[in-house]
Amino acid sequence: MKCSQTVIKDQNILSSNFKQLLSYCNDIEGQVSQKLTRTKHIEDQLVGYEIISKIEDDIEKTQILISDIISKIDKLDEIIPDELKIKNNPDKYSKIHKIKETHNLL
Numbered sequence: 001m002k003c004s005q006t007v008i009k010d011q012n013i014l015s016s017n018f019k020q021l022l023s024y025c026n027d028i029e030g031q032v033s034q035k036l037t038r039t040k041h042i043e044d045q046l047v048g049y050e051i052i053s054k055i056e057d058d059i060e061k062t063q064i065l066i067s068d069i070i071s072k073i074d075k076l077d078e079i080i081p082d083e084l085k086i087k088n089n090p091d092k093y094s095k096i097h098k099i100k101e102t103h104n105l106l
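Following this line, the structure appears as structure tokens:
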């Protein structure tokens with residue numbers, strides 16, 4: 001009888017310990033899940049910042065390229081006859097004029 005009471009008591013202790021362990025594991029799992037979510041969010045932000053930085057670099061390179069093109073167009077305008085000059089024919093070369101106007105605003 002005493003042995004049986006001891007076994008039941010030990011089973012109750014084990015059961016209680018197992019419940020505590022399960023609760024502890026669930027807490028750890030929840031904390032790890034939260035940290036993974038935060039880490040993923042931070043990773044997404046870093047990737048976003050890298051992409052923004054690359055886009056800014058590309059924009060800067062494009063602006064430099066446009067400046068070079070406009071400079072070459074202006075040099076070309078200096079040596080061709082007046083009737084063919086880009087600056088004298090805004091209707092004929094409307095896209096070039098629009099690019100120059102837009103670029104000058106930047």
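If you count the sequence shown from 1, position 4 lands on 4 in UniProt numbering, and the numbers rise without skipping.
Ideal placement from N, C-alpha and C gives every residue a C-beta, glycine not left out.
Item, Value
"Within 8 Å, strictly: CB atoms of I96 and I79", "no"
"For E78, the first and last residue of its enclosing alpha helix (DSSP H)", "K2 to I79"
"N100 classed as buried or exposed, judged by whether at least 16 other C-beta atoms fall within 10 angstroms", "Checking the sequence shown, residue 100 turns out to be Lys, not Asn. Buried, by the Cβ-count rule."
"DSSP state of D82 mapped onto helix, strand, coil", "helix"
"Spatially closest choice to I66 from D10, N17 and H103, by CA coordinates", "H103"
"Beta-carbon contacts of I70 that lie in its chain and below 8 Å, excluding the five residues immediately before and after", "I99, K100 and H103"
"Beta-carbon proximity check, D77 vs K87, cutoff 8 Å", "yes"
"Distance, Y24 Cα to T39 Cα", "22 Å"
"Spatial distance of K35 from Y49 (CA atoms)", "21 Å"
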